[in-house]
Amino acid sequence: MNSLVGLNPEQRKAVEYIEGPSLIFAGAGSGKTKVLTHKIAYLIENGIVAPEHILAVTFTNKAAKELRSRVESFIGNKVQAMTVGTFHSICARILRREIEHLGYARQFSIYDEDDQKALLKKIVSDRSIILEGTTVKNILSRISLLKNQMIAPEDFEPRPGSIYEQQVKLLYPLYQQALQKLDALDFDDLLILPLKIFDQYPEVLKKYQHKYRFILIDEYQDTNRPQFLFMEMLGRSHKHVCVVGDDDQSIYSWRGADIENILRFDRVFQGCAVFKLEQNYRSTNNILKAASAVVRCNQLRADKTLWSQKEDGALITKIDADNEYDEAARIVSNIQNEIHRAKRKFKDFAILYRTNAQTRVLEEIFRRNNIVYTIVGGVRFYERKEIKDLLAYFQIYSNPKDDISFRRIINIPPRGIGKTTLGELEKYAQENNLSLFDALEYIDALEVGSRSTNALKSFRDLVRRSQSLRQSVSFEEWSRVVIDDLGIRSYYKESGGEEARQRMANIDEFLNDISDFCSKTDDPNLESYLETVSLASSIDVWEDEKNAVSMMTLHSAKGLEFPVVGICGLNQGLLPLNRDNSEKALEEERRLFYVGLTRAKEKVFLTSSQSRSIAGETQFASESIFMREIPEELITRGTALEGVVAPRSSRKPRRYAAASVSFDGESQTASRPAKPGTEIKPGSLISHKIFGIGKVQEMQGSGQNARLRIYFKTEGMKTIIARYVKPVSR
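Here the numbering used here is used: position 155 in the sequence shown is 310, and no number is missing along the way.
#1: Excluding five sequence neighbours on each side, which residues of the same chain lie with their C-beta closer than 7 Å to the C-beta of E493?
#2: Can you check the segment 530-583 for any alpha helix (DSSP H) of at least 4 residues that lies completely inside it and give the ranges in chain order?
#3: Rounded to the nearest angstrom, what separates D403 and Q434 at their Cα positions?
#4: Which term fits Y480, buried or exposed, when burial requires 16 or more other beta carbons within 10 angstroms of its beta carbon?
#5: Let me check understanding here. Comparing Cα to Cα, which of D401, P328, T192 lies closest to E743?
#6: Have a look at K701, F180, E757 and flag the residue whose alpha-carbon is nearest the alpha-carbon of I414.
#7: Looking at the unbroken alpha helix (DSSP H) that takes in I490, where does it start and where does it end?
#8: Tell me whether K292 is buried or exposed, calling it buried when 16 or more other Cβ atoms sit within 10 Å of its Cβ.
#9: Could you tell me which of A740, S613, C246, N379 sits nearest to A412, measuring between CA atoms?
#10: For G715 and A755, what's the separation of their Cα atoms in angstroms?
#11: Out of curiosity, what's the CA-to-CA distance linking V816 and S842?
#12: In whole angstroms, what is the alpha-carbon distance linking P808 and D467?
#13: For Y866, does the three-state DSSP call read helix, strand or coil?
#14: Counting pairs of beta carbons, one from the segment 246-258 and one from the segment 343-356, are three or more of them closer than 8 Å?
#15: Please work out which residues of its chain come closer than 7 Å, Cβ to Cβ, to Q331, disregarding the five sequence neighbours upstream and downstream, and give them in chain order.
#16: What's the C-alpha gap between S804 and Q774?
#17: Within the 9 Å Cβ cut-off, does N736 reach chain B?
#18: Nearest to Q335 by CA position, among H208, S590, L595, G858, is which residue?
#19: Pull up the distance between the alpha-carbon of V889 and that of E581, whole angstroms please.
#20: What residue range is occupied by the uninterrupted alpha helix (DSSP H) comprising F665?
#21: Taking only three categories from DSSP, how would you classify L507?
#22: With a 10 Å radius around its C-beta and 16 neighbouring C-beta atoms as the bar for buried, classify Y597 as buried or exposed.
#23: Could you spell out where the beta strand (DSSP E) holding I598 opens and where it closes?
#24: Any chance the segment 164-175 sits against the segment 185-200, with 3 or more Cβ pairs inside 8 Å?
#25: Starting from the C-beta of G175, find all residues in its chain whose C-beta is less than 8 Å away, skip the five residues before and the five after it, and write them out in chain order.
#26: Taking the straight line between their C-alpha atoms, what separation do you get for S766 and K868?
#27: Taking only the alpha-carbon atoms, compute the straight-line gap between G887 and N511 and give it to the nearest angstrom.
#28: Assuming P882 is part of the alpha helix (DSSP H), what are its boundary residues?
#29: Just verifying my parser: in three-state terms, what is the DSSP assignment at A825?
#30: A445 and V759: beta carbons closer than 9 Å?
#31: In this structure, does DSSP put E778 in helix, strand or coil?
#32: Helix, strand or coil, according to DSSP, for T192 in the structure here?
#33: Can you have a look at W633 and say buried or exposed, based on whether 16 or more other CB atoms are within 10 angstroms of its CB?
#34: Let me make sure I understand the geometry here. Which of A273, R745, S392 has the alpha-carbon closest to that of H710?
#35: For H208, which of helix, strand or coil comes out of DSSP?
#36: For I876, list the residues DSSP reports as bridge partners.
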């Protein structure tokens with residue numbers, strides 16, 4: 156039977172099991188995609204379930220496409236009947252059919268991070284709310300976390316005395332009300348609203364339980380509470396649920412993922428079968444030994460050990476640099492040596508880091524040494540200004556209530572509609588409880604000049620004309636016509652210059668993207684295209700065939716593999732990143748490092764530096780605890796630099812006369828407590844129970860309620876009320 160060919164014994168057991176729920180612990184490089192593919196093929200080959208009754212869930216569009224392609228090689232065109240996609244795309248598909256139950260229109264908009272910020276800023280501005288010690292971005296992050304925890308606006312209770320949480324309490328319901336008024340959803344709503352429909356309308360839940368009779372979920376360790384409930388509700392009646400994941404690769408708690416979902420799966424679905432895929436097909440044994448030694452330091456994990464039939468391979472190369480410039484230069488030296496000695500190509504290398512801020516120095520040194528590189532997770536194509544403008548037009552054509560998109564494009568290209576005219580329109584819309592587009596019906600009632608009136612009418616007619624055209628031509632033809640009708644290319648052409656040429660080229664590429672989408676989609680339309688764009692991740696659009704060194708965060712690297720992997724910045728405070736000083740956070744940082752190590756097939760080199768620049772100051776840096784968790788017999792020391800062009804940082808590390816304190820189990824520097832009654836002022840050193848020792852940069856007000864801008868060595872700049880810190884002496 157084709158679906159059982161090429162499987163090892165444990166993989167075969169997992170594929171053949173169909174009696175009930177099953178949990179497959181799939182270690183890094185153990186062939187989990189292969190098992191998912193073969194299991195789906197096995198179900199269909201044996202007539203256990205028809206393709207249209209299978210739901211396969213992945214975490215990226217790229218993974219969904221790969222899974223669908225592999226299944227197609229077994230079952231051919233039958234794959235078209237299956238439902239394969241990410242949680243977000245599948246939920247969006249359900250909402251397009253069912254969201255009217257909740258009072259939304261089916262043509263709802265999906266807001267990205269920029270749209271969300273614009274909406275919340277408008278709410279804050281309209282109500283003259285002053286954000287104290289926080290930002291719109293931070294408020295949105297907290298709202299997202301609350302949604303992931305299934306905490307509704309009315310159920311959130313701020314901690315006593317927390318100004319930040321009181322602001323969240325105020326803005327959370329206003330933000331949610333504004334979204335619904337605009338017929339708009341954020342990414343979290345895509346997951347939560349189907350659950351509301353299932354809960355309030357049992358007949359709808361029953362319909363989808365009948366439709367999806369066998370559910371398979373990839374990367375289950377990264378599911379959050381809404382995703383867990385989605386799976387549990389759909390699988391409740393038949394219990395044909397198969398989840399695949401690796402608790403050692405659970406790295407997304409900051410966006411709501413709960414490692415307990417995989418560790419407690421057998422308690423939710425009692426009597427489930429558990430399989431462990433421990434044979435690794437990717438890495439050499441030395442890489443696996445190093446990764447296993449590190450992750451075994453975690454307490455919260457299922458017991459398993461990766462092994463490989465491959466040879467031991469090269470030792471782990473450890474490089475200790477002077478500073479971040481020297482570190483980048485040594486990374487370049489290693490790349491050059493590998494290319495020269497092992498005849499490798501640029502695309503064989505991945506450089507992984509904890510934070511995007513680390514790329515600045517890396518890019519500088521790479522450019523100086525003619526190393527071709529690509530950054531995964533940088534500015535995406537769909538985030539470029541001219542593309543965002545066109546997408547905003549498309550959003551208005553689909554959902555005229557979308558005021559955020561309306562404001563973005565009302566005067567793009569320039570049509571003589573300024574802030575005063577827009578202000579009058581907004582005032583009229585607010586007074587009459589209308590969307591901005593609906594308010595255009597009453598243009599003559601606005602107190603604006605004839606030129607502005609004509610411009611508004613022209614814009615209204617443009618939108619109506621484009622909406623009407625949708626009924627008579629295909630989406631691909633429609634998109635070309637309406638973009639020409641906008642005159643946006645003519646505007647850039649007249650502007651002239653290299654920047655304008657680049658924008659025109661991007662618009663042409665946008666049309667290519669639409670054409671490609673239409674050729675690969677059964678029923679291409681405006682809403683499905685907008686949905687695809689909204690849910691695209693940086694990995695989905697990564698050009699993995701380009702001959703360039705890939706640079707990305709450790710989070711972005713998950714699911715990928717490379718012959719040679721370099722992990723840089725292995726210093727305390729950076730990797731592991733100082734977060735909430737808890738053992739739970741440290742264990743997730745360790746899992747993140749484990750993910751980085753297991754991306755490598757043949758070689759790994761790890762770099763740290765003795766000093767790093769933080770906010771313009773060069774400070775001494777201690778080596779990461781993770782470096783010392785790798786057995787010494789698996790490590791070799793890096794060689795000296797050879798022919799690398801690298802500017803050396805002229806700043807010398809700044810030393811502080813200090814006492815020793817413990818932080819994350821590491822010796823850190825801190826000043827001694829100050830004498831009682833010591834006044835806090837700009838320049839003072841202070842101590843905070845979470846962030847440690849910091850230096851006051853600015854001060855607003857006086858006494859216990861003064862607002863202090865404080866720079867912390869490991870946390871950067873923070874704004875804190877004076878009563879929460881204590882002065883210390885130098």
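Glycine included, each C-beta is placed from N, C-alpha and C at the ideal position.
The short version:
#1: Within the sequence shown, numbered from 1, the residue matching residue 493 stands at position 338. So the qualifying residues of the chain are R499, V719.
#2: 540-553, 558-564
#3: Translated into the one-based positions of the sequence shown, residue 403 becomes position 248. Translated into the one-based positions of the sequence shown, residue 434 becomes position 279. Near 15 Å, if we compare the C-alpha coordinates of Q434 and D403.
#4: By one-based count along the sequence shown, residue 480 stands at place 325. Flag for Y480 reads buried.
#5: For the purposes of this step, residue 743 is identified with residue 588 of the sequence shown, where counting begins at 1. Of the listed residues, the one whose Cα sits closest to E743 is D401.
#6: In the sequence shown, counting from the first residue as 1, residue 414 sits at position 259. Ranking K701, F180, E757 by Cα distance to I414 puts F180 first.
#7: The residue you call residue 490 lines up with position 335 of the sequence shown. It spans 479-497 - the alpha helix (DSSP H) in which I490 sits, taken as one unbroken run.
#8: Position 137 of the sequence shown, counted from the first residue, corresponds to residue 292. Exposed: under 16 other Cβ atoms inside 10 Å.
#9: Along the sequence shown, read from residue 1 onward, the residue named residue 412 stands at position 257. Selected option, being the one with the closest Cα: N379.
#10: If you number the sequence shown from 1, residue 715 lands on position 560. If you number the sequence shown from 1, residue 755 lands on position 600. A small fix is needed here, since residue 715 is Leu in this sequence, not Gly. In a straight line, the C-alpha of L715 is about 9 Å away from that of A755.
#11: For the purposes of this step, residue 816 is taken as the residue at position 661 of the sequence shown. For the purposes of this step, residue 842 is taken as the residue at position 687 of the sequence shown. Because the pLDDT of V816 is 28, which lies under 50, any placement of that residue in the model is unreliable, and the number read from its coordinates should be weighed accordingly. The straight-line gap from Cα to Cα measures roughly 12 Å.
#12: As a first step, residue 808 must be located in the sequence shown, where it is residue number 653. As a first step, residue 467 must be located in the sequence shown, where it is residue number 312. Note that P808 scores 40 on pLDDT, short of 50, meaning its location in the model is unreliable and no value can be drawn from it.
#13: Residue 866 sits at position 711 when you count from the first residue of the sequence shown. Y866: strand per DSSP, three-state reduction.
#14: The segment 246-258, when compared against the segment 343-356, does touch it at the 8 Å Cβ threshold.
#15: Mapped onto the sequence shown, residue 331 falls at position 176. The answer, listed in chain order, is P308.
#16: Position 649 of the sequence shown, counted from the first residue, corresponds to residue 804. Position 619 of the sequence shown, counted from the first residue, corresponds to residue 774. Per-residue confidence for S804 stands at a pLDDT of 49, beneath the threshold of 50, marking its modelled position as unreliable; the derived number appears in the next sentence. Cα to Cα, the separation comes out at about 12 Å.
#17: Absent from the structure: chain B. Only one protein chain is present.
#18: Taking the first residue of the sequence shown as 1, we reach residue 335 at position 180. Among H208, S590, L595, G858, the Cα nearest to that of Q335 belongs to S590.
#19: Because the chain spans 156 through 885 in this model, residue 889 falls outside it and cannot be assessed.
#20: On the sequence shown, residue 665 is found 510 positions in, with the first residue counted as 1. It spans 652-675 - the alpha helix (DSSP H) in which F665 sits, taken as one unbroken run.
#21: What you label residue 507 is simply residue 352 of the sequence shown in a count that begins at 1. It is a strand residue.
#22: Indexing the sequence shown from 1 puts residue 597 at position 442. With fewer than 16 Cβ atoms within 10 Å of its Cβ, Y597 is classed as exposed.
#23: Here residue 598 refers to the residue found at position 443 when the sequence shown is read from its first residue. Unbroken run through I598: none, as it is neither H nor E.
#24: yes
#25: Position 20 of the sequence shown, counting from 1, holds the residue named residue 175. K394, H395, F424, G426, C427, A428.
#26: Here residue 766 refers to the residue found at position 611 when the sequence shown is read from its first residue. Here residue 868 refers to the residue found at position 713 when the sequence shown is read from its first residue. Roughly 12 Å separates the two Cα atoms.
#27: The chain is shown from 156 up to 885; residue 887 falls before or after that span and cannot be answered.
#28: On the sequence shown, position 727 is the one that residue 882 refers to. Where P882 is concerned, there is no enclosing alpha helix (DSSP H), although the beta strand (DSSP E) it sits in stretches over 881-883.
#29: Within the sequence shown, the letter at position 670 stands for residue 825. Annotation note: pLDDT 38 at A825 (below 50); position unreliable, coordinate value reported separately. It is a strand residue.
#30: Sequence index remark: in the sequence shown, residue 445 carries index 290 (1-based). Sequence index remark: in the sequence shown, residue 759 carries index 604 (1-based). Yes.
#31: As a working note, residue 778 is residue 623 in the sequence shown. DSSP places E778 in strand when its eight states are reduced to three.
#32: Within the sequence shown, the letter at position 37 stands for residue 192. In the structure shown, T192 sits in a helix (DSSP, three-state: H, G or I).
#33: Residue mapping note: residue 633 aligns to position 478 of the sequence shown, counting from 1. That one is buried.
#34: By 1-based counting over the sequence shown, the position of residue 710 is 555. Comparing Cα positions, the closest option is R745.
#35: As a working note, residue 208 is residue 53 in the sequence shown. In this structure, H208 counts as helix in the three-state DSSP scheme.
#36: Looking up residue 876 in the sequence shown gives position 721. R862, per the DSSP bridge assignment.
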